[in-house]
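Structure first, then comments.
Number of protein chains: 2
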Amino acid sequence: MENRVTAKLREKGFKVTPQRLAIYKVLANSKAHPSAEMIFQQLQPYYPTMSLATVYKTVEILKEIGLIQVLNAGEDSFRYDADISMHPHIRCLQCGRVDDIHEIDIAAFISQVADKTSYRLAGQQFYFYGYCSTCQGKPAN
Amino acid sequence: MENRVTAKLREKGFKVTPQRLAIYKVLANSKAHPSAEMIFQQLQPYYPTMSLATVYKTVEILKEIGLIQVLNAGEDSFRYDADISMHPHIRCLQCGRVDDIHEIDIAAFISQVADKTSYRLAGQQFYFYGYCSTCQGKPAN
DNA sequence: TTGCCTGCAAATCGTTTGCATCCGA
DNA sequence: TCGGATGCAAACGATTTGCAGGCAA
Numbered sequence: 001m002e003n004r005v006t007a008k009l010r011e012k013g014f015k016v017t018p019q020r021l022a023i024y025k026v027l028a029n030s031k032a033h034p035s036a037e038m039i040f041q042q043l044q045p046y047y048p049t050m051s052l053a054t055v056y057k058t059v060e061i062l063k064e065i066g067l068i069q070v071l072n073a074g075e076d077s078f079r080y081d082a083d084i085s086m087h088p089h090i091r092c093l094q095c096g097r098v099d100d101i102h103e104i105d106i107a108a109f110i111s112q113v114a115d116k117t118s119y120r121l122a123g124q125q126f127y128f129y130g131y132c133s134t135c136q137g138k139p140a141n
Numbered sequence: 142m143e144n145r146v147t148a149k150l151r152e153k154g155f156k157v158t159p160q161r162l163a164i165y166k167v168l169a170n171s172k173a174h175p176s177a178e179m180i181f182q183q184l185q186p187y188y189p190t191m192s193l194a195t196v197y198k199t200v201e202i203l204k205e206i207g208l209i210q211v212l213n214a215g216e217d218s219f220r221y222d223a224d225i226s227m228h229p230h231i232r233c234l235q236c237g238r239v240d241d242i243h244e245i246d247i248a249a250f251i252s253q254v255a256d257k258t259s260y261r262l263a264g265q266q267f268y269f270y271g272y273c274s275t276c277q278g279k280p281a282n
């Protein structure tokens, strides 16, 4: 896995640093779609001197070279996902968690859009909102 | 049109002010999905003393009472849409404009998701990205 | 060795908040 | 009249930027 990252970074002319590998690793091993702050917190124990700025600079690079995708699920911060396959996301309006939705056939939907629009399509993101199974049992919202 | 806004505001216990009507009117008459700043700029000539804070407070209320929806098309700011029907949006990666996509059958897609997820669904947003017809003719990206 | 990278701090920018005054009901 | 609304300025929080020292190649 890190071979792919290392290769891609070198291929695009970027240096391979421990920080960059660590940040990618966090994303690749997580299903939580962490924000920059969450990545930072998670690496804090292992890279005590790492800066939040480095996290931001790194995710920007990882996005540019196509190793991750950026999510914007209506929150005040961005989230990052190392799973670059085309899949919808869903965010719990109560606890804020963001989950993947897999095994959905999106092709028909996209080709419909491609037919209707005069834009040349380059990408898409689908966001659903609701209440996760844990939060459905809880009180107010 | 403003009757509906007036009625809804009163019904929910909010006062009807010129600022609120003006802000809604801007949204209702626009296809551009303006941000708070854009709404503010557009009203500046007619309401020179209006504050950006008022725009933010008002769109929050309009969203709460279901008169508008909030868009988050991967930019650094939110956009607002008085068309609360369920429709995808598309943003030009070159010039930044955001357009509606209508006449798309979304029902099948949504019911697929409803079947797959354990969430109780409450809403959704679909964003497409690409290059608008104007920008397709231009140079670099 | 050399230029890109990191980490720190300061700067930005969209958005929110506190508060005194104002105005719709 | 009176409580909610406005407008101003300050506060906030996420993200970006400038720069000096550090490290990958």
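Quick mapping for you: the protein sequence lines, in order, are chains B and F.
In terms of the numbering used here, the first sequence opens at residue 1 and continues consecutively.
In terms of the numbering used here, the second sequence opens at residue 142 and continues consecutively.
Each residue gets a CB set at the ideal place from its N, CA and C atoms; glycine is no exception.
Since we're looking at a predicted model, the values are computed, not measured.
Within-8 Å CB hit, residue i to chain B
i       : result
Q265(F) : yes
L203(F) : no
Y221(F) : no
C262(F) : Rather than Cys, the amino acid found at residue 262(F) in this sequence is Leu. Yes, its Cβ sits closer than 8 Å to a Cβ of chain B.
I225(F) : no
P283(F) : Any property of residue 283(F) remains undetermined from this structure, which presents chain F solely from 142 to 282.
K153(F) : no
S274(F) : yes
Closer than 8 Å to chain F by CB, residue i
i       : result
V113(B) : yes
F128(B) : yes
K57(B)  : no
T117(B) : yes
Residue i to residue j span [Cα, whole Å]
i       : j       : result
Y46(B)  : T6(B)   : 20 Å
E103(B) : S85(B)  : 11 Å
N282(F) : Q42(B)  : Note that N282(F) scores a pLDDT of 38, beneath 50, so its modelled location is shaky; the value from the coordinates is reported in the next line. So the alpha carbons of these two residues sit roughly 35 Å apart.
K257(F) : A163(F) : 42 Å
Q69(B)  : C95(B)  : 22 Å
P229(F) : S274(F) : 18 Å
T49(B)  : E37(B)  : 15 Å
S77(B)  : T158(F) : 32 Å
A255(F) : F126(B) : 14 Å
E201(F) : Y119(B) : 31 Å
A53(B)  : R20(B)  : 12 Å
Y131(B) : F181(F) : 34 Å
For residue i, the first and last residue of its enclosing beta strand (DSSP E)
i       : result
V239(F) : V239 to D241
I202(F) : It is not in any beta strand (DSSP E) - I202(F) instead sits in the alpha helix (DSSP H) that spans L193 to E205.
Q210(F) : Q210 to L212
C92(B)  : H89 to C92
Residue i: first and last residue of the uninterrupted alpha helix (DSSP H) it sits in
i       : result
A249(F) : A248 to K257
A82(B)  : Segment: none, A82(B) is in no alpha helix (DSSP H) and carries neither H nor E.
I39(B)  : A36 to L43
A169(F) : P159 to A169
C273(F) : First-last for C273(F): undefined, no H or E at that position.
Member of the options whose CA lies at the smallest distance from the CA of residue i
i       : options                             : result
Y270(F) : A122(B), C92(B), Y129(B) and K63(B) : A122(B)
K172(F) : Q185(F), R232(F) and S218(F)        : R232(F)
Evaluate contact between the segment 168 to 175 of chain F and the segment 218 to 228 of chain F, counting only Cβ atoms and requiring at least three cross-stretch pairs below 8 Å. yes
Between the segment 237 to 257 of chain F and the segment 148 to 161 of chain F, are three or more C-beta pairs nearer than 8 Å? no
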